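Colleague: Here it is, the structure, as structure tokens.
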Amino acid sequence: MSLSTQDVEKVARLARLAMTGEEIETARTQLNGIFNLIAEMQAVDTDGVAPMSHSQNLTQRLRLDTVTEANQREAFQAIAPQVEAGLYLVPKVIE
Amino acid sequence: MFESSLKQIGDALRAKKISSVELTQSYLDRMAQLNPRLNAYITLNPELSLAQAKAADARLAAGTAEPLTGIPIAQKDIFCAKGWLTTCGSKMLHNFVSPYDAHIISQFNTAGAVNLGKTNMDEFAMGSSNETSHYGAVKNPWDTTRVPGGSSGGTASAVAARLCAAATGTDTGGSIRQPAALCGISGLKPTYGVCSRYGMIAFASSLDQAGPMGRSAEDLALMMNVMAGFDERDSTSLQRDREDYTRDLNKPLNGLRIGLPKEFFAAGMGSDVAKAIEAAIAEYKKLGATIVDISLPNSKLSVPVYYVLAPAEASSNLSRFDGVRYGYRAPEYGDLTDMYEQSRAQGFGAEVKRRIMIGTYVLSHGYYDAYYIQAQKIRRLIAQDFVEAFKQCDVIMGPTSPSTAFKLGEKGDDPVQMYLSDIYTIAVNLAGLPGMSIPCGFGDNNMPVGLQIIGNYFDEARMLNVAHQYQLATDWHSRAPQGI
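Just so you know, the sequences run in chain order A and B.
For what it's worth, the working numbering labels the leading residue of the first sequence as 15, then goes sequentially.
For what it's worth, the working numbering labels the leading residue of the second sequence as 2, then goes sequentially.
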């Protein structure tokens, strides 16, 4: 398998990473090297094997639907790039 | 005092031979002298450290001290600590002063330990040499032209150079064990779920695990007593009774069955590393252990499996960095999408972007089954190999890393070469098992070699016992780098 320039551009777009043409080409070479390494696992017969996401076969814990966090809006917004009147500012989304 | 064990420091503090303020100040002085050469710390905050030391002295005076009260401990910069700059080695978080404490941090605070500073690390813990840090590479104190390993490279360098009494690390694919090996110190990655991930900036959530790094197994046991424990704020934290990790340290090793996986002793390991590992195994035989030949047939697949699963989880976890709520925002941008794309392009370094792209690709439509699901299935095969192996042995041993510390810049251009330096550690994370590395000698160029000890689930106390008995019989762990 080999990634094309268009594949890498699409991935960069999905990942929300701005990249120049030169960066795309460097990434393409490196990603192809990594996918050559990953390709080793394609030949393994895994029929009937259940995917494993956690070693302890846990089920997700549930908790009571109660408020456990205090309101810390000021502390949290003190570290935000741009806020006004308690709101996070971003470029206009809806015309 | 810089060569003392945590227990000895604790005794000296309780006996009022030294105060925590004096001790903390002497470490800060040593750091001011040596850190510029090693770059082991990203952030120092003497005011906060000394305030904690003062509070610890009050506890010591009041007789309410715990074993680590007043002891200066460094924290990997992946742990959010209230009031501390917490960068995770990234430009993305260059201005992130955490508004809250990670569970691990609050555990140390409750124990009365002093936070001595935040240690350097590979950006978002993605790296094996500490060269991906936005804040510059860390130097290995044994040879400052060499890497300390990664991603907990700042911690490993700081512990080896006696710039803290002990410190924390995190291990997703070897990030505690490999730098411990390369810097000649001891490090333990506990069973997945033993230490809470709350407030530990996420890389690959199904693999990430915090653990202690220090100069001896005995020190690690005392650290584990503080770090381990259930936390409801981490959905994968395990509900278990509290343990005293020092309880088995002094048990003899008679009858211990050590499994040696043939795959770990095949081609790829440096001959200098092999020699040190063989000598360590011989020492264990003298201590009463018996050797069992075992096989982990699927372990060779752990690198490819890891480089699907970890980037997949990372691409999801790192989607939170959008330049809106915290962290870096590009100075110039057009619309909202452009703001995301510019902020992320400028805020993340090359390795992080590479992994986000791998992850985004393997999770994208049409590739999910072929990559992510296939990797999760092989993950089970790798874990089952260990289950089979532990029917025949109590612990598994082998090298931590195929080579000793390599030169700065040596593997910089080839991500695949860098990834292969974690070939012996990754399978342990995939299986969720505990693993540790202890110093067991020196290889070419007089650089330290690490012995990896892998235990069964929740067998940390036994592993610490196995390591401690070796450290009573040998002195590799007490060797210190000279002339930094």
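For every residue, glycine included, the Cβ atom is placed at its ideal position computed from N, Cα and C.
Owing to the predicted nature of the structure, the values given are computational and were not obtained by experimental measurement.
Can you name, in chain order, every residue of its own chain whose Cβ lies under 7 Å from the Cβ of B:Cys196, other than the five neighbours on each side?
Modeller: Ile105, Gln210, Ala211, Gly212, Met228, Ala229
Colleague: Distance check for B:Asp294 and B:Asn255, CA to CA, integer angstroms please.
Modeller: 18 Å
Colleague: Quick one: which chain B residues come within Cβ less than 9 Å of A:Ala84?
Modeller: Neighbours of A:Ala84 on chain B: none; closest Cβ ~11 Å, over 9 Å.
Colleague: Compute the distance between the beta-carbons of B:Asp423 and B:Arg258, then report whether it is under 7 Å.
Modeller: no
Colleague: For B:Cys184, which of helix, strand or coil comes out of DSSP?
Modeller: Residue state, collapsed to three classes: helix.
Colleague: Helix, strand or coil: how does DSSP classify B:Asn121 here?
Modeller: coil
Colleague: Determine the DSSP secondary structure at B:Val115, reduced to helix, strand or coil.
Modeller: DSSP places B:Val115 in strand when its eight states are reduced to three.
Colleague: Can you look up B:Val22 in the DSSP assignment and give me helix, strand or coil?
Modeller: Correct three-state label for B:Val22: helix.
Colleague: Report the residue ranges of all alpha helix (DSSP H) runs contained in full by the segment 281-326 of chain B; include only those spanning at least 4 residues, in chain order.
Modeller: 303-318
Colleague: Provide the residue span of the alpha helix (DSSP H) that contains B:Ser50, from first to last.
Modeller: 47-63
Colleague: Do B:Tyr329 and B:Lys92 come within 7 Å of each other at the CB atom, strictly closer than that value?
Modeller: yes
Colleague: Beta carbons nearer than 9 Å to chain C: which residues of the segment 70-103 of chain B have them?
Modeller: Chain labels in this structure do not include chain C; the protein chains are A and B.
Colleague: Measuring only the C-alpha atoms, how far is B:Cys89 from B:Gln472?
Modeller: 33 Å
Colleague: State whether the segment 308-328 of chain B contacts the segment 382-397 of chain B, with contact taken as three or more CB pairs (one from each stretch) at a distance under 8 Å.
Modeller: The way I'd put it, the segment 308-328 of chain B doesn't touch the segment 382-397 of chain B; fewer than three beta-carbon pairs between them come closer than 8 Å.
Colleague: Helix, strand or coil for B:Arg31? Go by DSSP, reduced to three states.
Modeller: helix
Colleague: From this set, B:Ile72, B:Gly151, B:Ser206, which residue's C-alpha is nearest B:Ala54's C-alpha?
Modeller: B:Ile72
Colleague: Kindly indicate the opening and closing residues of the alpha helix (DSSP H) around B:Leu261.
Modeller: Taken as a continuous stretch (DSSP letters only), B:Leu261 belongs to no alpha helix (DSSP H), being part of the beta strand (DSSP E) at 258-262.
Colleague: Which residues in chain A sit within 9 Å of B:Gln210, going by Cβ to Cβ distance?
Modeller: Those do not exist, as B:Gln210 stays about 11 Å from chain A at its closest Cβ, beyond 9 Å.
Colleague: Within this structure, are the beta carbons of B:Met224 and B:Phe80 separated by less than 7 Å?
Modeller: No; because the gap between Cβ atoms is not below 7 Å, this pair is not in contact.
Colleague: Kindly indicate which residue of B:Gln76, B:Trp85, B:Lys77 has the alpha-carbon position closest to the one of A:Ile93.
Modeller: B:Trp85
Colleague: Consider the Cβ of A:Gly100: report whether some Cβ of chain B lies at a distance smaller than 7 Å.
Modeller: no
Colleague: Whose Cβ in chain B lies nearer than 7 Å to the Cβ of A:Ile108?
Modeller: Near A:Ile108 there are no residues of chain B at all, since even the closest Cβ is about 10 Å away, more than 7 Å.
Colleague: Could you round the C-beta distance between B:Ile43 and B:Tyr101 to whole angstroms and report it? I think they count as a contact, below 8 Å.
Modeller: So it is not a contact: roughly 19 Å between Cβ atoms.
Colleague: Any C-beta of chain A within less than 9 Å: which residues of the segment 420-443 of chain B qualify?
Modeller: Tyr420, Leu421, Leu431, Ala432, Gly433, Leu434
Colleague: To the nearest angstrom, how far is it from the Cα of B:Leu261 to the Cα of B:Leu14?
Modeller: 42 Å
Colleague: How is the alpha helix (DSSP H) around B:Lys378 delimited, first residue to last?
Modeller: 375-390
Colleague: Assess, as a yes-or-no matter, whether the segment 150-158 of chain B is touched by the segment 430-438 of chain B under the definition of 3 or more beta carbon pairs within less than 8 Å.
Modeller: no
Colleague: What are the boundary residues of the alpha helix (DSSP H) that includes B:Tyr420?
Modeller: 416-420
Colleague: Taking Cβ-Cβ distances shorter than 7 Å, what residues in chain A pair up with B:Thr133?
Modeller: Going along chain A, no residue has its Cβ under 7 Å from B:Thr133, so there is no contact; the nearest lies around 14 Å.
Colleague: Indicate whether at least one CB of chain B lies closer than 7 Å to the CB of A:Val97.
Modeller: At a cut-off of 7 Å between beta carbons, A:Val97 makes no contact with chain B.
Colleague: Interface residues of chain A around B:Met340 at Cβ under 7 Å?
Modeller: Contact annotation for B:Met340 against chain A: Val104, Pro105 [CB-CB distance below 7 Å, chain order].
Colleague: Nearest to B:Asn318 by CA position, among B:Ser207, B:Glu264, B:Met270, B:Met398, is which residue?
Modeller: B:Ser207
Colleague: So, under 8 Å CB-CB, B:Ser402 and B:Leu183 are touching, yes? Tell me the CB distance rounded to an integer number of Å.
Modeller: 6 Å
Colleague: Skipping 5 residues on each side, what residues in its chain have a beta carbon closer than 7 Å to that of B:Ala205?
Modeller: Thr173, Leu310, Ala311, Glu314, Ala315
Colleague: If we cut at 7 Å on Cβ distances, does B:Met358 have a partner in chain A?
Modeller: It does: the Cβ of B:Met358 has a partner Cβ on chain A nearer than 7 Å.
Colleague: Would you kindly work out how many angstroms separate the C-alpha atoms of B:Thr70 and B:Gly194, rounded to a whole number?
Modeller: 25 Å
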